[in-house]
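Protein chains in written order, with this note's numbering: chain F, 261 to 665; chain Z, 2 to 496.
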Amino acid sequence: MSGNALRPADENELREIVRAAIAEKQTLEVRGAGTKRGLGRPVAADAPLDLSRLAGVKTYEPEELVLTAGAATPLAEIERLVAQKGQRLAFEPPDYAPLYGGAAGRQTLAGVVATNLAGSRRISAGAARDHFLGFRAVNGRGETFKAGGQVVKNVTGYDLCKLLAGSYGTLALLTEMTVKVLPVAETEATLALSRLSDEAAMRAMADAMGSAFEVSAAAHLPDGIAASVVYQSDGAATLLRLEGPQPSVEARVEGLRALLRPHGAAERLSPPDSKLAWRALANAEPFTHDLEHPLWRLSVPPTAGAATARAITDGLGGSYFFDWGGGRIWLELNGAPSGAGAAIVRAATAKAGGHAVLVRASEETRRTVAPFDPGAPGLFALSKRVKAGFDPLGLFNPGRMYEGV
Amino acid sequence: MLMPPPDQAVMARKAALVARLRDAVPGEGVIADLDAIRTYDCDGLTAYKALPLAVVLPEDTAQVAAVLKICKELGVKVVPRGAGTGLSGGALPIEDGVILGLGKFKKILDIDFANRCTVVQPGVTNLAITQAVEHAGFYYAPDPSSQIACTIGGNVAENSGGVHCLKYGVTTNNLLGLEFVTLDGEILRIGGKHLDADGYDLLGIMTGSEGLLGVITEVTVRILQKPPVARALLLGFSSSEAGGDCVAAVIAAGVIPGGMEMMDRPAIKATEDFVHAGYPLDVEAILIVELDGPEAEVDYLVERVEAIARDCGAVEVRVSTSEEERLRFWAGRKAAFPAVGRISPDYICMDGTIPRKRLPEVLTRMTELSRQYGLRVANVFHAGDGNLHPLILFDANTPGELEKAEAFGGDILKLCVEVGGVLTGEHGVGVEKRDLMGTMFDEDDLKQQQRVKCAFDPEGLLNPGKVFPQLHRCAELGKMHVHAGQLRFSHLPRF
Numbered sequence: 261m262s263g264n265a266l267r268p269a270d271e272n273e274l275r276e277i278v279r280a281a282i283a284e285k286q287t288l289e290v291r292g293a294g295t296k297r298g299l300g301r302p303v304a305a306d307a308p309l310d311l312s313r314l315a316g317v318k319t320y321e322p323e324e325l326v327l328t329a330g331a332a333t334p335l336a337e338i339e340r341l342v343a344q345k346g347q348r349l350a351f352e353p354p355d356y357a358p359l360y361g362g363a364a365g366r367q368t369l370a371g372v373v374a375t376n377l378a379g380s381r382r383i384s385a386g387a388a389r390d391h392f393l394g395f396r397a398v399n400g401r402g403e404t405f406k407a408g409g410q411v412v413k414n415v416t417g418y419d420l421c422k423l424l425a426g427s428y429g430t431l432a433l434l435t436e437m438t439v440k441v442l443p444v445a446e447t448e449a450t451l452a453l454s455r456l457s458d459e460a461a462m463r464a465m466a467d468a469m470g471s472a473f474e475v476s477a478a479a480h481l482p483d484g485i486a487a488s489v490v491y492q493s494d495g496a497a498t499l500l501r502l503e504g505p506q507p508s509v510e511a512r513v514e515g516l517r518a519l520l521r522p523h524g525a526a527e528r529l530s531p532p533d534s535k536l537a538w539r540a541l542a543n544a545e546p547f548t549h550d551l552e553h554p555l556w557r558l559s560v561p562p563t564a565g566a567a568t569a570r571a572i573t574d575g576l577g578g579s580y581f582f583d584w585g586g587g588r589i590w591l592e593l594n595g596a597p598s599g600a601g602a603a604i605v606r607a608a609t610a611k612a613g614g615h616a617v618l619v620r621a622s623e624e625t626r627r628t629v630a631p632f633d634p635g636a637p638g639l640f641a642l643s644k645r646v647k648a649g650f651d652p653l654g655l656f657n658p659g660r661m662y663e664g665v
Numbered sequence: 002m003l004m005p006p007p008d009q010a011v012m013a014r015k016a017a018l019v020a021r022l023r024d025a026v027p028g029e030g031v032i033a034d035l036d037a038i039r040t041y042d043c044d045g046l047t048a049y050k051a052l053p054l055a056v057v058l059p060e061d062t063a064q065v066a067a068v069l070k071i072c073k074e075l076g077v078k079v080v081p082r083g084a085g086t087g088l089s090g091g092a093l094p095i096e097d098g099v100i101l102g103l104g105k106f107k108k109i110l111d112i113d114f115a116n117r118c119t120v121v122q123p124g125v126t127n128l129a130i131t132q133a134v135e136h137a138g139f140y141y142a143p144d145p146s147s148q149i150a151c152t153i154g155g156n157v158a159e160n161s162g163g164v165h166c167l168k169y170g171v172t173t174n175n176l177l178g179l180e181f182v183t184l185d186g187e188i189l190r191i192g193g194k195h196l197d198a199d200g201y202d203l204l205g206i207m208t209g210s211e212g213l214l215g216v217i218t219e220v221t222v223r224i225l226q227k228p229p230v231a232r233a234l235l236l237g238f239s240s241s242e243a244g245g246d247c248v249a250a251v252i253a254a255g256v257i258p259g260g261m262e263m264m265d266r267p268a269i270k271a272t273e274d275f276v277h278a279g280y281p282l283d284v285e286a287i288l289i290v291e292l293d294g295p296e297a298e299v300d301y302l303v304e305r306v307e308a309i310a311r312d313c314g315a316v317e318v319r320v321s322t323s324e325e326e327r328l329r330f331w332a333g334r335k336a337a338f339p340a341v342g343r344i345s346p347d348y349i350c351m352d353g354t355i356p357r358k359r360l361p362e363v364l365t366r367m368t369e370l371s372r373q374y375g376l377r378v379a380n381v382f383h384a385g386d387g388n389l390h391p392l393i394l395f396d397a398n399t400p401g402e403l404e405k406a407e408a409f410g411g412d413i414l415k416l417c418v419e420v421g422g423v424l425t426g427e428h429g430v431g432v433e434k435r436d437l438m439g440t441m442f443d444e445d446d447l448k449q450q451q452r453v454k455c456a457f458d459p460e461g462l463l464n465p466g467k468v469f470p471q472l473h474r475c476a477e478l479g480k481m482h483v484h485a486g487q488l489r490f491s492h493l494p495r496f
């Protein structure tokens with residue numbers, strides 16, 4: 261691979277690079293800030309393509325709830341800008357950089373959308389995909405195209421934003437993106453239940469999420485993990501977050517506390533502790549220390565969380581915590597089992613009816629163990645045809661998601 | 002509006018097709034009798050009608066797969082259909098094709114309160130999902146105005162919205178899983194009771210694909226607890242600009258109401274004459290703002306919105322003090338379409354979205370167009386998300402008036418695009434806006450979308466003539482052009 265990165269200054273230069281790549285059948289490794297290169301299979305491309313110059317906020321209209329920016333605009337810049345108007349990206353974008361030993365705060369807008377990330381608010385506000393309204397991009401045919409729009413409600417044509425979100429740069433190269441922004445809640449409160457077993461916590465979270473108290477996030481941290489996230493936690497901690505106007509939050513805190521009574525006495529975290537805890541959860545901070553330990557991220561039906569995590573750790577050993585009311589499991593294996601324990605993890609996940617992504621493993625492991633589950637053969641074949649519809653020569657991030665795609 | 006010319010060879014083989022379909026779907030499931038077929042000659046866009054070769058009403062997924070295999074083998078086009086309430090002609094029959102109706106898929110398969118989802122067949126109505134779960138306080142949030150009749154399969158195909166979608170999202174944001182059948186007859190399942198499967202988001206691309214990619218046979222949706230309290234404000238403004246400013250001020254204050262609806266003077270007049278909801282008649286615009294949620298929150302936000310409205314110069318401010326009064330505020334808005342139907346022999350409903358701040362300009366230019374075309378227009382507006390529904394009044398019995406109304410509608414939608422908006426916020430493109438796609442997208446944009454179509458349906462047999470103004474063969478779309486005189490890597494700046 262060439263050590264020299266191509267760094268187009270604008271969309272036209274990018275298109276010319278792609279056209280040249282087509283002519284020379286050169287494959288490209290697509291990068292923004294490069295903070296999540298460890299996520300997915302290692303890319304073996306002819307040249308790195310650095311899109312970091314396609315940056316800068318173009319328009320921000322708080323009253324229209326939309327922001328349009330160059331794809332490689334640092335997310336931190338966007339978050340600072342919209343915070344000045346009391347707004348935020350409601351999907352609570354996590355920062356995975358520290359999971360790979362990198363510094364936080366560098367990722368780009370396209371980086372977080374192309375991997376379709378979401379923090380704890382996923383269950384109440386959606387993921388990156390749900391806030392991605394429109395884009396301009398260059399496809400693997402060297403054509404510039406656009407899709408979606410710059411308004412919050414739009415069904416004109418296929419929703420290509422959904423395909424691009426979570427496509428890891430393998431379909432088209434985003435140059436400009438429009439995303440939805442929403443008001444920051446006036447205040448937040450977190451109630452914590454202590455020392456629940458995983459199963460009891462799943463039930464408590466289901467009760468809370470099934471209530472009308474509009475719980476915006478629900479997580480469970482088993483003993484041993486809780487202390488690194490919740491200040492002065494006493495054993496396992498089950499966290500439930502309420503957001504909204506002050507009088508509403510106060511009323512709901514009381515209501516939720518009463519509802520949770522059968523599960524134990526709920527303590528209220530201080531506002532700074534609450535903010536820190538949810539930030540730590542979104543970024544999976546408990547698993548940013550032993551970088552050589554394989555890390556899995558599962559999505560299962562919420563009530564299946566506890567049993568799935570136990571089925572995996574009984575066989576492999578490891579530690580885990582739950583977000584999304586039990587449906588999101590972060591699971592770090594002890595040591596380095598062969599194949600990152602994929603067979604056991606995938607079997608347990610399939611039994612629950614869900615998906616598992618190998619978020620972190622050695623390069624060698626990620627090459628041999630599929631980090632993303634290709635799924636049923638029919639779906640995989642369809643996905644390959646979709647890829648060919650955007651990038652017929654397979655120029656962009658070859659092999660990043662699946663071997664040979 | 003022209004549909005692709007029917008394939009006479011396919012038309013001539015109707016009898017053989019019907020016989021094959023009857024093998025796959027026994028009993029009454031294949032309708033070939035002309036009189037009986039007529040029930041299916043249009044959807045909610047009633048200006049266009051066509052008779053399909055046959056209507057097939059399968060009862061299970063295996064039958065859907067068998068029907069699609071037969072159609073592929075015989076080169077017969079397929080138009081999937083739910084309840085046929087769509088407003089853009091997505092389920093308009095094709096003369097050399099069959100209607101594949103999912104009306105018999107009416108089972109609710111699973112209600113899972115602990116995981117807050119339900120699994121249903123596509124022919125279940127939107128409202129029936131809510132009715133199946135409301136005993137436990139749950140509901141399904143997207144609420145298109147046709148929710149009593151429209152089916153969830155159709156909602157997925159159109160990515161339907163509704164009055165409450167600014168706060169609760171449209172269909173795509175409330176969907177967890179799908180089973181669908183490709184034209185090959187292959188049954189595929191995506192998602193389930195969990196969120197965000199990895200891999201390409203095929204669930205997302207299927208949603209809003211208007212029946213062009215696959216036939217939906219099972220749907221898993223999220224359900225939510227119904228907000229305990231809802232209260233509404235009825236606000237009157239002496240200009241639509243003031244009303245628009247108030248909407249912006251509410252959102253700038255960090256309030257996302259459950260619903261925020263605006264009506265202009267002609268719409269107010271028509272509905273007031275019809276249902277006597279008590280709307281003020283001396284204003285240019287009214288705004289209905291509904292706040293829902295826990296009681297403490299609703300009371301607090303009602304006060305805030307009331308204060309904002311007064312600051313914005315609202316000339317009329319009413320706050321509902323009872324459920325009865327709240328429903329009365331809504332009565333006029335909900336009756337707006339029939340009210341307009343009462344004062345005009347016919348009307349068409351447009352569906353553009355605009356950046357809200359451009360509303361006064363759009364309304365002014367719409368008034369000019371109204372004068373120019375000599376046709377009246379009334380506006381109802383999902384103000385929170387900028388989704389405009391101009392109702393154009395005309396008389397189809399006057400020769401040329403339908404064409405005039407459609408030209409007027411086309412000009413309105415072009416105006417929406419010109420000010421930075423889009424052609425359709427929730428009704429879909431269908432045949433209605435198909436020929437306007439070029440005002441929003443250029444050739445490369447549309448070709449990229451059609452290449453997605455090719456990945457699902459390379460023969461182009463699923464719902465052709467909808468969404469795309471020009472049909473391209475997939476082979477032609479797949480050809481690669483190597484651009485002459487392209488730059489080489491070595492000519493480019495490296496850093």
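Note that the Cβ used here is the ideal one computed from N, Cα and C, for glycine as well.
The beta-carbon separation of V290 of chain Z and A233 of chain Z, rounded to 7 Å, stays under the 8 Å limit for a contact.
V220 of chain Z is positioned such that its CB atom lies closer than 8 Å to that of L179 of chain Z. The alpha-carbon of M264 of chain Z is positioned some 27 Å away from that of E296 of chain Z. Rounded to whole angstroms, the separation of the alpha carbons of L128 of chain Z and L364 of chain Z is 33 Å.
L423 of chain F sits close to I206 of chain Z, with the two beta carbons spaced by under 8 Å. Distances from the CA of V299 of chain Z to each of F:H523, F:P658, F:P505 and F:A269 were compared; the closest alpha carbon is that of F:P505.
At least one CB of chain Z lies nearer than 8 Å to the CB of Q410 of chain F.
Close to A456 of chain Z, with beta-carbon spacing below 8 Å, are these residues of chain F in chain order: L642, R645, V646, A648 and G649. Between P59 of chain Z and chain F, the shortest Cβ-Cβ separation is not below 8 Å. If the five residues before and after R223 of chain Z are omitted, its C-beta is found closer than 7 Å to the C-beta atoms of R117, C118, N175 and L177, all from its own chain and listed in chain order. Between the segment 491–499 of chain F and the segment 408–420 of chain F, the count of C-beta pairs closer than 8 Å stays below three; the two stretches do not touch. Two segments are said to touch when three or more pairs of C-beta atoms, one from each, lie closer than 8 Å; by this definition the segment 147–159 of chain Z touches the segment 80–90 of chain Z.
Where V57 of chain Z is concerned, the enclosing beta strand (DSSP E) starts and stops at A55 to V57. In this structure, the beta-carbon distance from G599 of chain F to V629 of chain F falls below 8 Å. Taking the CA atoms as reference points, R452 of chain Z sits about 44 Å from G578 of chain F. For the segment 305–336 of chain F, there is no continuous alpha helix (DSSP H) assignment of 4+ residues that stays within its boundaries. In this chain, the beta strand (DSSP E) harbouring T218 of chain Z covers V216 to R223.
Taking A357 of chain F as the centre and dropping the five residues before and after it, the same chain places the C-beta of T295, A363, A364, R366 and Q367 closer than 7 Å to its C-beta, in chain order. The Cβ-Cβ distance between K227 of chain Z and Y140 of chain Z falls below 8 Å. For F640 of chain F, the enclosing alpha helix (DSSP H) starts and ends at P637 to F650.
Counting other Cβ atoms within 10 Å of its Cβ, E419 of chain Z stays below 16 and is therefore classed as exposed. Judged by DSSP secondary structure, M481 of chain Z falls outside any alpha helix (DSSP H); it is assigned neither H nor E. Beta-bridge annotation (DSSP): W331 of chain Z is not paired with any residue. Across the structure, G470 of chain F and L516 of chain F are spaced so that their CA atoms are roughly 11 Å apart.
Excluding the 5 residues flanking it on each side, P531 of chain F has same chain C-beta neighbours closer than 8 Å at T447, E448 and A449, in chain order. Separation of V439 of chain F and T328 of chain F (C-alpha to C-alpha, rounded to the nearest whole angstrom) is 6 Å. Going by C-alpha positions, E321 of chain F is about 47 Å away from E96 of chain Z. Minimum Cα-Cα distance from T563 of chain F among the listed residues F:F656, F:A479, F:G635 and F:T333 corresponds to F:A479. With respect to chain F, the C-beta atom of K108 of chain Z has no partner C-beta closer than 8 Å. Against M469 of chain F, the close residues of chain Z are R117, in the order they occur along the chain (beta-carbon pairs closer than 8 Å). Y348 of chain Z has Z:L394 as its beta-bridge partners, per DSSP. CA-to-CA, the gap between A468 of chain F and T368 of chain Z works out to about 51 Å. About 5 Å separates the beta carbon of N657 of chain F from that of G429 of chain F, a gap short enough to meet the 8 Å contact definition. For chain Z, the residues of the segment 457–486 of chain F that bring a beta carbon within less than 8 Å of one of its beta carbons are A466, M469, G470, S471, A472, F473 and E474, in chain order. Taking C-beta separations shorter than 8 Å and ignoring five residues to either side along the sequence, the partners of A466 of chain F in its chain run P562, T563, G585 and G586, following chain order. Counting only the Cα atoms, P94 of chain Z lies some 7 Å from K50 of chain Z.
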